[in-house]
Amino acid sequence: MLRDALLVAAKDLRVEWRSRVLINQVAPFTLLIVVLFGFALDADTATLRDTAPGLFWVAVMLVAVLAVQRGAAIEAADDTQQRMLLSDLDPAAVFLGKAAGLFVQLLVLEVMLTAAVVVLFDVSVGEPLLMVASSVVATIAIASAGTLYGVLAVGLGVRETLLPILLLPVLAPVLISATRTFGDAFDRVDADGWAWLGLLGTFAVIYVMIGMLAYGVLLEES
Amino acid sequence: MSATAAPAPETDSPTIVTGTSSRGTRALAFIIAVGVPTLLAFAFFISPEDDVQRDAVRLLYIHVPIAIMTYVAFSLTAFGGIMFLYKGSRWWDTTAYAAGEIGVVLCGLTLITGSIWGRPTWGTWWEWSDVRLVTSLMLFLVFVGYLAFRRIPGDPTVRARRAAVLGLIGAMQIPIVRFSVEWWENNTLHQSSSVLYGKLENMTLFTWFLGQIVVGAIFLYLLIHRFRVAWMEEEIETHGLVGALEERRAEALVGVEQAVGGTVEGRISAVKDV
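So the protein lines, in turn, are chains A and B.
The numbers in the first sequence follow the working numbering, run straight up by one, and end at 308.
The numbers in the second sequence follow the working numbering, run straight up by one, and end at 281.
Quick look at the structure:
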């Protein structure tokens, strides 16, 4: 199963690498969000520093929606999904592979976003380990939920408008927890970041499990 | 929803449905027609005002039953989805859809009545730190998405399968969101369950109980009607397509006949003779 998952992940990342959509379009959009937050909050560094954890994760959510939509568009084109079914791969492995591909893409964007937030919002990272750990765990949760909802929207004419309203409410608990861990890592709030990390881990496990169980049902007839 | 609805257009459907009401729903309607004025009389005049909340407590006789029925409705959506995946029956899928739609309406009413009640009691329309408010809003948004998904035209079976997964994840959000939000601020303005802790006096308890029955009856009434409407909608969707296809085929046949002269059957037999 792991080998199948790696195959699917490698395929998705290869498509991404050859098209360069992530680097040429999504990455600049990520930077643009950070700059817009700066304008919206009146370029007040103190406010930006305080709200940086929340802004960071809101930016990640928005970018995740874009990445999921892009993945769904690739799936819809050339009947990729039917071919995947014909390939006789285990649906759970396909899910894991697609989620892993999305995870890598989002993580690359988060690294860039972190640099932007640290430089532009003048944030100092008090606990780098907590920050890295919570990024990884939260991104697993986002990538799993995103992959699952991506396949729900494949083949629908209204995918672009539908996906955000389906996906974002489901990601709200991740947003809440990740904002807390980052708040602690940036020394902005008096919260126990490691306890919140445990909660994030629970969400990640739940979404991965649901995805592995439900993906086959959705893949079958879509 | 009238008892004597117009006859359904002729289709190939074996069952011709002429309306969404039945003896059962008319009985329910009667209970509601008597129950609502009685509930209002008890809530506004007969039950005593609260020592702390004063008259604002009267809104709770509606707010609490509606909130409870919201949970019932969304649970039914999730359950219907599971049953559809398990049995593949359209009946369960339609039940899930009907319950989801009424659930969204009830959830919206819960938010509105809660907000109106919160203004005099807490002094604010909205309180971010309150767990139940935030949870209810998230629930509302999740199921608004569910309904948006259900309205997309397409293959009914594929849609039902996807909707079943969506409804299930949506209902699972209740404990998940609640859990996270509870930790988030670790406080709530909501009182703990008054009913369970036996804090209510006789008259208050009775009024609440009456409210629960009336709102439950309204829910059931709407559910049955919505189910029947959804069922008929899908009949039209399926049979409408079949009918349209047959019409197009007939048109095409006439077109061919005009082009070649004479009937198609005649031409075929002529070719056979040759």
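Just so it is clear, CB atoms sit at the ideal spot from N, CA and C, and this is done for glycine as well.
Self-check item: Contact with chain A by Leu144/B, beta-carbon distance below 7 Å
Solution: no
Exercise. Report the option in Asp164/A, Ile251/A, Pro139/A, Asp174/A whose CA atom is closest to the CA atom of Ala91/A.
Key: Asp174/A
Quiz item: With distances taken between CB atoms, is the gap from Ala167/B to Phe91/B smaller than 7 Å?
Solution: yes
Quiz item: Can you tell which of Thr267/A, Val149/A, Glu161/A, Ile119/A has its C-alpha closest to the C-alpha of Gly236/A?
Solution: Glu161/A
Quiz item: With DSSP run on the structure shown, which of helix, strand or coil describes Arg61/B?
Solution: strand
Quiz item: Got a sec: is the Cβ-Cβ distance from Val149/B to anything in chain A below 7 Å?
Solution: yes
Self-check item: Gly269/A vs Val275/A beta-carbon contact at 7 Å
Solution: yes
Practice problem: Please say whether Tyr68/B and Trp215/B have beta carbons closer to each other than 7 Å? | Solution: yes
Quiz prompt | Inter-residue spacing [alpha-carbon to alpha-carbon] between Leu249/A and Ser263/A | solution = 22 Å
Quiz item: Can you give the Cα-Cα distance for Ala259/B and Gly243/A, rounded to whole angstroms?
Solution: 29 Å
Quiz item: If you draw a straight line from the alpha carbon of Val294/A to that of Ile109/A, how long is it in whole angstroms?
Solution: 27 Å
Self-check item: C-beta contact flag for Glu196/A and Ser221/A at 7 Å
Solution: yes
Quiz item: Does the separation of the CB atoms of Phe289/A and Ala227/A fall below 7 Å?
Solution: Contact flag set, yes.
Quiz item: Is it true that the CB of Gly297/A sits closer than 7 Å to the CB of Ser230/A?
Solution: yes
Quiz item: Out of curiosity, what's the CA-to-CA distance linking Leu146/B and Leu257/A?
Solution: 12 Å
Quiz item: Could you give the distance in angstroms between the alpha-carbon of Gly232/A and the alpha-carbon of Ile251/A?
Solution: 12 Å
Quiz item: Ala163/A: buried (16+ other C-beta within 10 angstroms of its C-beta) or exposed?
Solution: exposed
Quiz prompt | Length of the line joining the Cα atoms of Ala132/A and Leu206/A | solution = Going from the Cα of Ala132/A to the Cα of Leu206/A covers about 12 Å.
Quiz prompt | Closest Cα partner of Val138/B within the set Pro182/B, Ala85/B, Gly152/B | solution = Cα-wise, what sits closest to Val138/B is Pro182/B.
Quiz item: Which residue spans inside the segment 210–270 of chain A form an unbroken beta strand (DSSP E) run of at least 3?
Solution: none
Self-check item: Any chain A beta carbon closer than 7 Å to Ile220/B
Solution: With 7 Å as the cut-off, Ile220/B does not count as an interface residue toward chain A.
Quiz item: How many angstroms separate the CA atom of Arg235/B from the CA atom of Thr32/B?
Solution: 11 Å
Self-check item: Three-state class that DSSP yields for Glu134/B in the structure shown
Solution: coil
Practice problem: Would you please verify whether the beta carbon of Arg169/B is less than 7 Å from any beta carbon of chain A? | Solution: yes
Exercise. Can you give me the start and stop residues for the alpha helix (DSSP H) that Val108/B sits inside?
Key: Sequence inspection shows Glu at residue 108/B; the Val mentioned does not correspond to that position. Here the alpha helix (DSSP H) through Glu108/B covers 97–129.
Quiz item: Going by alpha carbons, who is nearest to Leu47/B out of Trp98/B, Ile159/B, Val222/B?
Solution: Val222/B
Self-check item: Neighbouring residues, chain B, relative to Ala321/A (Cβ below 7 Å)
Solution: No answer is possible for residue 321/A: the residues shown for chain A start at 87 and end at 308.
Quiz item: Should the segment 243–258 of chain B be called in touch with the segment 93–112 of chain B, which here means at least 3 C-beta pairs below 8 Å?
Solution: no
Exercise. Mind reading off the beta-carbon distance from Val112/A to Val149/A? Whole number of angstroms is fine, and I expect it under 8 Å.
Key: Contact between Val112/A and Val149/A holds: their C-beta atoms lie close to 6 Å from each other, under 8 Å.
Practice problem: Using a Cβ-Cβ cut-off of less than 7 Å, give me the residues of the segment 246–278 of chain A that come near chain B, in sequence order. | Solution: Leu248, Ile251, Leu252, Pro255, Val256, Ala258, Pro259, Ile262, Ser263
Quiz item: For the segment 102–129 of chain B, which residues have a CB atom closer than 7 Å to at least one CB atom of chain A, in sequence order?
Solution: none
Quiz item: Does any C-beta atom of chain A lie closer than 7 Å to the C-beta of Ile181/B?
Solution: no
Exercise. Please look up how many angstroms separate the CB atoms of Leu254/A and Met170/A, rounded, as I've assumed it's under 8 Å.
Key: That pair is no contact at about 26 Å.
Practice problem: For chain A, find out if any of its Cβ atoms is closer than 7 Å to the Cβ of Ile38/B; answer yes or no. | Solution: No, Ile38/B does not count as interfacial toward chain A.
Quiz item: Going by Cα to Cα distance, which pick from Gly287/A, Asp208/A, Thr225/A, Val223/A is closest to Phe272/A?
Solution: Answer by Cα proximity: Asp208/A.
Quiz item: Is the CB of Leu242/A under 7 Å away from at least one CB in chain B?
Solution: yes
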